[in-house]
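Residue numbers (the working numbering), protein chains in the order written: chain P, 1 to 102; chain Z, 103 to 204; chain Y, 205 to 665; chain C, 666 to 1126.
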Ligand SMILES: NC(=O)c1ccc[n+]([C@@H]2O[C@H](COP(=O)([O-])OP(=O)(O)OC[C@H]3O[C@@H](n4cnc5c(N)ncnc54)[C@H](OP(=O)(O)O)[C@@H]3O)[C@@H](O)[C@H]2O)c1
Ligand SMILES: NC(=O)c1ccc[n+]([C@@H]2O[C@H](COP(=O)([O-])OP(=O)(O)OC[C@H]3O[C@@H](n4cnc5c(N)ncnc54)[C@H](OP(=O)(O)O)[C@@H]3O)[C@@H](O)[C@H]2O)c1
């Protein structure tokens, strides 16, 4: 099977998953959702690690390390800040957000 | 990339799409949805055509033709019957089903 | 047979269309468009192999397609709304059968070319054969039940659980054998055992649960097609099959919840002896019955009337007359609503379809949850050809086949009127205590003509 | 660097976890669990390459990770709720920057090994560099605006549209060049031009629309990561990136609708000169102001009170005192609700978070659509540190930066009380006519202490 097609298929399917999975979110959760998604694309850290670890060119290594720092700020910071936000929604509130959700 | 993994990935992503895409259907539409989905798996017709058209063993051809007949009954019949059902939901009714949906 | 890139792209496009079709089908506004989109994609997909493969037997293939198409169209056109479920079951069954045959053929191809793909391909082949056969046989039995070619009651005989278990084990063993040393014979036997499993799976299911089973078998077929897609390494089959498999499974759970049943309970309830069933014969206990005139008076002096339509309304095709009656009552300033039970009739949404056909304005149709609170304020509850959906046994009698199904609280009405032909029970085959309540009146006769009589009587007042 | 099967499986598993994480995040019950699941998956994924590749510079890499982690955690812990949006913007920006750098490095790898993959890989590389840079620069500007390191008003200068257009074209041209004959220099220049585009894209956006822009840039970064995944042929990056890209785009549209704006309008409104803005300086028109005692009396003799909380409540941290006040009023048999505007404060759901923190029982929090009908029956509407969300200009003044945003109908209340420190306008920087209405009273002062005074005054009655 053609390589490009495979990647295209992954892409297309993921697009549908991405849209459908959040299609019924309530405005209350927009910010946490945004920042959670934001944290997820911090996974570029994985890419940064791979390229940095597999190059020998000094400049490249330095740039790579910068990328790693930035990426891990994105990833770690993102998840932590999201969790902090979500903590705020106490037990008490859940039912409201539920109905807001429905 | 490992071939099996590719197919597995297609499968996993499709599972999510399949579930998410219908997750908010109202009971009013259960039957049409069921029969529409039913028609979609009639696509096995495609498979039946390919295997029948690429074999030379007579028995196989006969069995293949049977498969083609069955599959096209599934596919064509399924889409037609679904359409008939959906026709019944007149303009007038739409708003109700909408609210039922929401 | 390497697939050219352009064809692969088109296959992918068809897959996307199927996704959009499903998405459309799950919304009322878009349902019809969705279905047509799916159909278009399916046609395109089936044309492709003629373009990029030089197929043999093209003539025969086309003939077979035409035959199947004609069959499908005729069936789809002829079937009445009340028979939709069995039609869906039938179509689903043949699809499963086709998948099983395709897998057998592919098995044969591999063997004759002496090529041995990795074990996973054999496993997928075994899965397709077995589950395809199960889905085929199961659907046929379901069809027979709904079409009343056989009793719609659970069929349970002493040895059944053991036999079922045995055949299940056999299926697994044969599948493993097929993986270890593939041979045509094992494949064929596997298919036959699959058929047996399918029959035994559905026999003990009570008719009331049949829609759930149809949906489940539908999901099965979807998964078979997906596995077939892997065997033929065709992405479209895999994606389409998986879509149907996943959404079908999900839909099954939704429906089961809607009917207050758990899927395992539906399938194995009877085996576990869980659902003991009434004989379904007419009871001869005394009831209060009345003529159209008396009922007309009750309606005429009511302020709030709730109509509970059921399967009987559908078979009698009394929806148009009913609608006239309601119009008259409304003219006279009486507040009238229809209470729609999600599983009233023989398929989900059956009543909506029926009353839509009769052009009943949608504001008058109330979903169960919205109206269940209002019954206590209703002066008259008019139950037209419905029974199980108002049967208090669903709340009161554990072990009743419909126990746990949410019902319409018709029993809370000040006056309850049943329009039915006899004292025979409903689909679930159990007596309905509500018929014997002091505030219940029966108006015997076929829904259509007693409805006609009732209408005239009301007009006469 | 072929990835072993077990690692590929784990990558796929992480992808599934990301899907479930997003799914969880979109439901209130499951949000927190979802987020943690995502975090776990991310960690696992980042450990994998250490296991199946023998990486060089492991020490340095680990140090870099630690540095970044510490930075992220500190930032995330220190930030106040009111500054969340800029924090998210910042994190998003660095992510985009990282993606761009990764793409540059990969470009360098390909060139130094002199291998030439198919043109599509080069295209994806160009995309990653350009969009990553745009997202980086745009997010930084957004951060500056929200952090008030620069004006939050749209910044428009004469040449801007032309300059923007030019830089856009330059980006496209450079990308094409990169595909035709890849070189490090083109890549770097492309990145720089991307930065310019990012700046020019966000400068003209009004602060009120900033959350929409953050969400959009978030989607951009997602797509960049996806493209990066293709370049590195890493499925997980592709899937995760695409997920975020798709859901982010969808979320952006949802939010825009929620704020009554179209995305194009948000981005290019100011360019088109669409949204002319008020100076934002304090007005000196006469208003009716009162002391806590007078307001206390109004509240005390009201039967129905609606509270409209806004950004000011958040900065003053007056939510706890407010809650006490409401409790007292309710004890006295007064019906009190909070009217929550979806974009009150500085991020969607800001008020819900704030009042949740103050343990306000959820029954008292009413969504905009549910309560907008009740304002006409309210004897007193108490607007605490809110302004734009009750500014009638959103309905009446086409061209106002908030025009079209659905607002709370506070103006329909019999009495309206504003608690704010000055006559300065709200976030959107435009005057609020409601302040000058005859039935409006102002209670000047920092929300926290005037709320305290008000509370005592009410208790005193
Ligand atoms: N909707 C679904 O998905 C679905 C699918 C399959 C099964 N089911 C099951 O079907 C049942 C539906 O409940 P239901 O109350 O709608 O129907 P029901 O319980 O089957 O009762 C139908 C009633 O209509 C009467 N009837 C039949 N023909 C009639 C005619 N020509 N004129 C007047 N009355 C007539 C019957 O009594 P007489 O014979 O005495 O006239 C019977 O009492 C439930 O048990 C449900 O679980 C539902
Ligand atoms: N929610 C989001 O997603 C989001 C994100 C970005 C922007 N926005 C925009 O932000 C605005 C939100 O509207 P809003 O009504 O909540 O807030 P606002 O329109 O910004 O008004 C805040 C009001 O609070 C007053 N205030 C500030 N500090 C105070 C304090 N310490 N004590 C008392 N009053 C204080 C201010 O007046 P004084 O200065 O005179 O005290 C101002 O009138 C909308 O324009 C929205 O579009 C929303």
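The beta carbon of each residue, even a glycine, is placed where N, CA and C say it ideally should be.
Any 3 or more C-beta pairs closer than 8 angstroms across the segment 432-449 of chain Y and the segment 457-471 of chain Y: no
Positions along the segment 8-41 of chain P whose CB lies within less than 7 angstroms of some CB in chain Z: 9, 10, 13, 14, 16, 17, 20, 21 and 24
Buried versus exposed, by CB contacts within 10 Å (16 or more), residue 1051 (chain C): buried
Near-chain P residues of the segment 274-285 of chain Y (beta-carbon distance less than 7 angstroms), N- to C-terminal order: none
Pairwise C-alpha distance: residue 255 (chain Y) and residue 666 (chain Y): Coverage of chain Y is limited to positions 205 through 665, which leaves residue 666 (chain Y) absent and any answer about it impossible.
Helix, strand or coil at residue 52 (chain P) [DSSP, three-state]: helix
Proximity of residue 852 (chain C) and residue 805 (chain C) at Cβ, strictly below 8 angstroms: no
CB contact check: residue 43 (chain P) to chain C, cutoff 8 angstroms: yes
Cβ-based burial, residue 93 (chain P) [other Cβ within 10 Å; buried from 16]: Bear in mind that a pLDDT of 40 at residue 93 (chain P), under 50, signals an unreliable position, so the number given afterwards is only what the model happens to contain. Buried.
Euclidean distance between Cα positions of residue 661 (chain Y) and residue 497 (chain Y): 5 angstroms
Cut-off 7 angstroms between Cβ atoms - residues of its own chain near residue 787 (chain C), not counting five sequence neighbours on either side: 843, 844 and 847
Neighbour list for residue 57 (chain P) in chain Y, Cβ cutoff strictly below 9 angstroms: Result: empty, since nearest Cβ-Cβ is about 36 angstroms, beyond 9 angstroms.
Distance between residue 868 (chain C) and residue 1115 (chain C) (C-alpha atoms, nearest Å): 37 angstroms
Residue environment, residue 115 (chain Z), which counts as buried when at least 16 other CB atoms sit within 10 Å: buried
Collapsed DSSP secondary structure at residue 73 (chain P) in the structure displayed: helix
Contact between the segment 537-545 of chain Y and the segment 615-624 of chain Y (3+ Cβ pairs under 8 angstroms): no
Between the CA atoms of residue 140 (chain Z) and residue 159 (chain Z) - distance to the nearest angstrom: 31 angstroms
Three-state secondary structure assigned by DSSP to residue 513 (chain Y): strand
Contacts that residue 151 (chain Z) makes with chain C (C-beta to C-beta distance below 8 angstroms): Within 8 angstroms Cβ-Cβ: nothing; residue 151 (chain Z) doesn't reach chain C, min ~32 angstroms.
CB contact below 8 angstroms: residue 1064 (chain C) versus chain B: The chain labelled as chain B is not found among the protein chains of the depicted structure, namely P, Z, Y and C.
Distance cut-off 7 angstroms: residue 590 (chain Y) Cβ against heavy atoms of ligand 1: yes
Cβ-heavy atom distance, residue 703 (chain Y) to ligand 1, below 7 angstroms: Outside the shown range of chain Y (205 to 665) lies residue 703 (chain Y), about which nothing can therefore be said.
Residues of the segment 216-236 of chain Y whose Cβ lies closer than 7 angstroms to any Cβ of chain P, in chain order: 216, 220 and 223
Residues near residue 609 (chain Y) in its chain [Cβ-Cβ closer than 6 angstroms; skip 5 each side]: 463, 464 and 598
For residue 1080 (chain C), the residue or residues it bridges with in DSSP: C:1045
Residue-chain proximity (residue 180 (chain Z), chain C), Cβ-Cβ < 8 angstroms: no
Residue 1072 (chain C) versus C:736, C:830, C:962 and C:1036, residue with shortest Cα-Cα distance: C:1036
Local Cβ density within 10 Å of residue 581 (chain Y), reported as buried at 16 or more and exposed below that: exposed
Whole-angstrom C-beta distance between residue 187 (chain Z) and residue 418 (chain Y), which should lie under 8 angstroms: Contact flag wrong, Cβ pair sits at about 14 angstroms.
Nearest to residue 554 (chain Y) (by Cα), restricted to the options Z:169, Z:129, Z:157 and Z:148: Z:129
Beta-carbon proximity check, residue 971 (chain C) vs residue 1025 (chain C), cutoff 8 angstroms: no
4 or more residues per run - each alpha helix (DSSP H) lying fully within the segment 668-694 of chain C: 670-690
Closest Cα partner of residue 921 (chain C) within the set C:774, C:886, C:1067 and C:755: C:1067
Where the beta strand (DSSP E) containing residue 329 (chain Y) begins and where it ends: Unbroken run through residue 329 (chain Y) is the alpha helix (DSSP H), 323-350; no beta strand (DSSP E).
Euclidean distance between Cα positions of residue 666 (chain Y) and residue 449 (chain Y): Because chain Y here runs from 205 to 665, residue 666 (chain Y) falls outside it and cannot be looked at.
Straight-line gap, residue 209 (chain Y) to residue 781 (chain C) (C-alpha atoms, nearest Å): 21 angstroms
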